[in-house]
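Trainee: Residue numbers (the numbering used here), protein chains in the order written: chain G, 2 to 326; chain H, 2 to 326.
By construction, the Cβ of each residue, glycine as well, lies at the ideal position given by its N, Cα and C atoms.
A quick note: this is a predicted structure, and the numbers were derived from the prediction, not measured.
Number of protein chains: 2
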Amino acid sequence: MERRGNLMQFRPDIKVVDATIRDGGLVNNFFFDDEFVKKLYRTNIKAGVDYMEFGYKASKELFNPEEFGKWKFCDEQDIRDIVGENNTDIKIAVMADVGRTDFKHDILPKSESVIDLIRVATYVHQMPAAIEMIEYCHSMGYETSCNIMAVSTARERDIDMALELLGESSVDIVYLVDSYGSLYPEQIKELAEKYQAFADRYNKKIGIHAHNNQQLAFANTIEACSYGASYLDATMSGMGRGAGNCMMEMLMGFLRNPKYSIIPILRFVQDEIVKLKEQGVVWGYDVPYLCTGILNVHPRSAIAAVRDGDRDYTNFYVGLWDKEG
Amino acid sequence: MERRGNLMQFRPDIKVVDATIRDGGLVNNFFFDDEFVKKLYRTNIKAGVDYMEFGYKASKELFNPEEFGKWKFCDEQDIRDIVGENNTDIKIAVMADVGRTDFKHDILPKSESVIDLIRVATYVHQMPAAIEMIEYCHSMGYETSCNIMAVSTARERDIDMALELLGESSVDIVYLVDSYGSLYPEQIKELAEKYQAFADRYNKKIGIHAHNNQQLAFANTIEACSYGASYLDATMSGMGRGAGNCMMEMLMGFLRNPKYSIIPILRFVQDEIVKLKEQGVVWGYDVPYLCTGILNVHPRSAIAAVRDGDRDYTNFYVGLWDKEG
Chain G
2 MERRGNLMQF RPDIKVVDAT IRDGGLVNNF FFDDEFVKKL YRTNIKAGVD YMEFGYKASK
62 ELFNPEEFGK WKFCDEQDIR DIVGENNTDI KIAVMADVGR TDFKHDILPK SESVIDLIRV
122 ATYVHQMPAA IEMIEYCHSM GYETSCNIMA VSTARERDID MALELLGESS VDIVYLVDSY
182 GSLYPEQIKE LAEKYQAFAD RYNKKIGIHA HNNQQLAFAN TIEACSYGAS YLDATMSGMG
242 RGAGNCMMEM LMGFLRNPKY SIIPILRFVQ DEIVKLKEQG VVWGYDVPYL CTGILNVHPR
302 SAIAAVRDGD RDYTNFYVGL WDKEG
Chain H
2 MERRGNLMQF RPDIKVVDAT IRDGGLVNNF FFDDEFVKKL YRTNIKAGVD YMEFGYKASK
62 ELFNPEEFGK WKFCDEQDIR DIVGENNTDI KIAVMADVGR TDFKHDILPK SESVIDLIRV
122 ATYVHQMPAA IEMIEYCHSM GYETSCNIMA VSTARERDID MALELLGESS VDIVYLVDSY
182 GSLYPEQIKE LAEKYQAFAD RYNKKIGIHA HNNQQLAFAN TIEACSYGAS YLDATMSGMG
242 RGAGNCMMEM LMGFLRNPKY SIIPILRFVQ DEIVKLKEQG VVWGYDVPYL CTGILNVHPR
302 SAIAAVRDGD RDYTNFYVGL WDKEG
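#1: Would you grab the beta carbon distance between residue 266 (chain H) and residue 249 (chain H) for me? Rounded to a whole angstrom, and I think it's under 8 angstroms.
#2: Strictly under 9 angstroms for the Cβ-Cβ distance: is residue 314 (chain G) near chain H by that measure?
#3: Do you know how far the Cα of residue 41 (chain G) is from the Cα of residue 61 (chain G)?
#4: What residue from G:312, G:4, G:281, G:156 has the CA that sits closest to residue 288 (chain G)'s CA?
#5: Determine, for residue 188 (chain G), whether the minimum Cβ-Cβ distance to residues of chain H falls below 9 angstroms.
#6: Hey, could you find the ends of the beta strand (DSSP E) residue 26 (chain H) is sitting in?
#7: If we cut at 9 angstroms on Cβ distances, does residue 221 (chain H) have a partner in chain G?
#8: Quick check on this structure: which residue in H:23, H:154, H:115, H:45 has the alpha carbon closest to the alpha carbon of residue 246 (chain H)?
#9: Listing by chain order, which chain G residues have their CB less than 9 angstroms from the CB of residue 412 (chain H)?
#10: Counting only Cβ pairs nearer than 9 angstroms, list the residues of chain H close to residue 160 (chain G).
#11: Determine whether the Cβ of residue 233 (chain G) lies closer than 9 angstroms to any Cβ atom of chain H.
#12: Of all the residues that make up the stretch 270-283 of chain H, which are near chain G by a beta-carbon distance shorter than 8 angstroms?
#13: Is it true that the stretch 190-199 of chain H meets the stretch 160-178 of chain H, where meeting means three or more beta-carbon pairs spaced less than 8 angstroms apart?
#14: Report the start-end ranges of each beta strand (DSSP E) in the stretch 115-162 of chain G that is 3 residues or longer and not cut off at the edges.
#15: Can you say whether residue 63 (chain G) is buried or exposed, counting buried as having 16 or more other CB atoms within 10 angstroms of its CB?
#16: Which of helix, strand or coil does DSSP assign to residue 258 (chain G)?
#17: Name, please, each residue of chain G whose Cβ falls closer than 8 angstroms to the Cβ of residue 308 (chain H).
#18: Given that residue 264 (chain H) touches chain G, what residues does it touch there, using C-beta distances under 9 angstroms?
#19: Is there a Cβ of chain H sitting closer than 9 angstroms to that of residue 18 (chain G), yes or no?
#20: Check whether the stretch 281-295 of chain H touches the stretch 42-55 of chain H, taking contact to mean three or more Cβ pairs, one atom from each stretch, closer than 8 angstroms.
#21: Can you tell me where the alpha helix (DSSP H) holding residue 206 (chain G) begins and where it ends?
#22: Taking CB distances under 9 angstroms as the criterion, tell me whether residue 326 (chain G) reaches chain H.
#23: Got a sec, what are the start and stop residues for the beta strand (DSSP E) residue 42 (chain H) sits in?
#24: Taking the C-alpha atoms as reference points, what is the distance between residue 209 (chain H) and residue 224 (chain H)?
#25: Starting from the N-terminal side, write out each stretch of the beta strand (DSSP E) that is 3 residues or longer and does not extend beyond the stretch 158-197 of chain G.
#26: Name the DSSP bridge partner or partners of residue 17 (chain G)?
#27: Starting from the Cα of residue 113 (chain H), find the closest Cα among H:77, H:222, H:148 and give me that residue.
#28: Going by beta-carbon coordinates alone, are residue 200 (chain G) and residue 229 (chain G) separated by less than 9 angstroms?
#29: For chain G, check one thing: does any of its Cβ atoms lie closer than 9 angstroms to the Cβ of residue 238 (chain H)?
#30: Could you list which residues in chain H have their beta carbon closer than 8 angstroms to that of residue 268 (chain G), in chain order?
#31: Does any C-beta atom of chain G lie closer than 9 angstroms to the C-beta of residue 153 (chain H)?
#32: Do residue 141 (chain G) and residue 99 (chain G) have their beta-carbon atoms positioned less than 9 angstroms apart in this structure?
#33: Taking the straight line between their C-alpha atoms, what separation do you get for residue 93 (chain G) and residue 57 (chain G)?
#34: In terms of residues, what are the limits of the alpha helix (DSSP H) holding residue 82 (chain G)?
#35: According to DSSP, is residue 94 (chain G) part of a helix, a strand, or is it coil?
#36: So the beta strand (DSSP E) residue 224 (chain G) belongs to, where does it begin and stop?
Below, the structure written as structure tokens:
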């Protein structure tokens, strides 16, 4: 498959999705103050970002609202307190995890909501439940995406089957998600080509959500973009679970469409992200994340090692062979 | 051009080159204590690293030996104090900058030296002087490489001309060097293909030396490798000027040849690199380096900004347009 676009032109199909509150919320249990979120919203508008993801639509039956900030739940009124009627060009997204969302209760009809896109996050084996949610959200009037997580540990035939099921569904966008930050660009290319062939057949769009365990989040994002992905997830300074995500400032430096501007992003980083880091909020590349990335396992043990300041990297790496490898 | 090799096999032509002392020396003016260098040498041997670069062969007429550690000059005896006769599988490299080396005085005949490879660093416009040095070192019995720096700002026809001149020379290896960390993987692929076509024509090898301004050093290294580069530079935790280099621990996680082992590298990082960082030696990705990388300029102003703790990234970025853009 040919590379799409080049560095002297731009592809008008590209959509930049800011996932700072949602993936970044996994770092601070979604405790962002409103000023931060409002500033982020204004920054994204100025920078030409196409979608801003506010957080999860998590079930209040399953998660105690006293233990999490409000962006774990994304009540309609909380979003409106930030965006009003959102009379802007930016679209609003939320994520809904399969099995962790009371979607029939918590997803309002689109006519009553400022949300535009509902991103359904699923493992490959939960596909029937994911499709039920997608069809429900679609029938309520929303754009929908399906974010198939942890494909680096899925069997290829299961991915193929999931894509077939999604092809027959109402979903608009299917995301390639490197949950463990373990995929190399040449694997991302192969997967992006597979997803894009599916997307061409069923008239869908594809997206990419990368993690930075091997400092490949940005490289993998632009590689997937080259081979078809048009929805590109990024977060401010990569804020996200563990090693974090593709950095918005890197992506803005790469994209050639003059609608995008890196300047508001740099300003947000210097004004807000520097402060957050000084307050002790920790994310980003570190050796334990590299280890779980190389071994293609969940980053939970690396998150614990970084939290505990464990720098016996050799022991940590060797321990992963037994615990999770 | 087809990708070479895949993730289930290995290419026996790959050579890993540890450049920690040489590029890392640019961070601490080459003041490494002997214990550090000895441990690094033993680590590289255990990890299967193929070459270890000790530093520069800089002219003592041009640089005051009191202002720099000994690895700026790499006297024969200083190397021997670390490696003895080097009765091991690892080869010893040093770098010699065009115009900054008294090569006729400081390069001994190979029969009197433990050095195996002399890496001649040059800008594209210095090629005649580079070739003079290469021929001299070759005639003294050494392997030679030519590291053409800052090709991201060179004219393509000048690069083509330089490659032709090198093709006719005695050089063994030609390096693709992304001095400013500004090249994207798709540009690295194009350049690697150009270099590889030249290498095939003249029976040369090619190498890659990347910088991490956009967190692309590892991605660019494996991309160049995929399209022909067999000499791969890396440093411990990326230690090197500014944003640093491709991290050895990442490269070791990627390579499939069972001769390579990540374990000694992780041990060196936890024992020595953590200590160095705690002592206040600073390198690695930071926003100002991203800015100079995006704008394809020398990192000197970013190094100053990081040193001074200047976090007005917006002002820094905009200032680059005038100063260096």
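Mentor: Let's see:
#1: 5 angstroms
#2: yes
#3: 26 angstroms
#4: G:312
#5: yes
#6: Per DSSP, residue 26 (chain H) belongs to no beta strand (DSSP E); it is in the alpha helix (DSSP H), 21-29.
#7: yes
#8: H:23
#9: A query on residue 412 (chain H) cannot be resolved here, the shown segment of chain H reaching from 2 to 326 and no further.
#10: Those do not exist, as residue 160 (chain G) stays about 17 angstroms from chain H at its closest Cβ, beyond 9 angstroms.
#11: no
#12: 270, 271, 275
#13: yes
#14: 118-123, 144-149
#15: exposed
#16: coil
#17: Ordered by position in chain G, no residue passes the 8 angstroms Cβ test against residue 308 (chain H), which lies about 17 angstroms from the chain.
#18: 315, 318, 319
#19: no
#20: no
#21: Element bounds for residue 206 (chain G): not the alpha helix (DSSP H) but the beta strand (DSSP E), 206-210.
#22: The predicted model places residue 326 (chain G) with a pLDDT of 47, which falls under 50 and marks its position as unreliable; any figure quoted below should be read in that light. Not an interface residue.
#23: First-last for residue 42 (chain H): 35-48, but that is the alpha helix (DSSP H), not the beta strand (DSSP E).
#24: 10 angstroms
#25: 174-178
#26: G:233
#27: H:77
#28: yes
#29: yes
#30: 314, 315
#31: no
#32: no
#33: 12 angstroms
#34: 77-84
#35: strand
#36: Where residue 224 (chain G) is concerned, there is no enclosing beta strand (DSSP E), although the alpha helix (DSSP H) it sits in stretches over 218-227.
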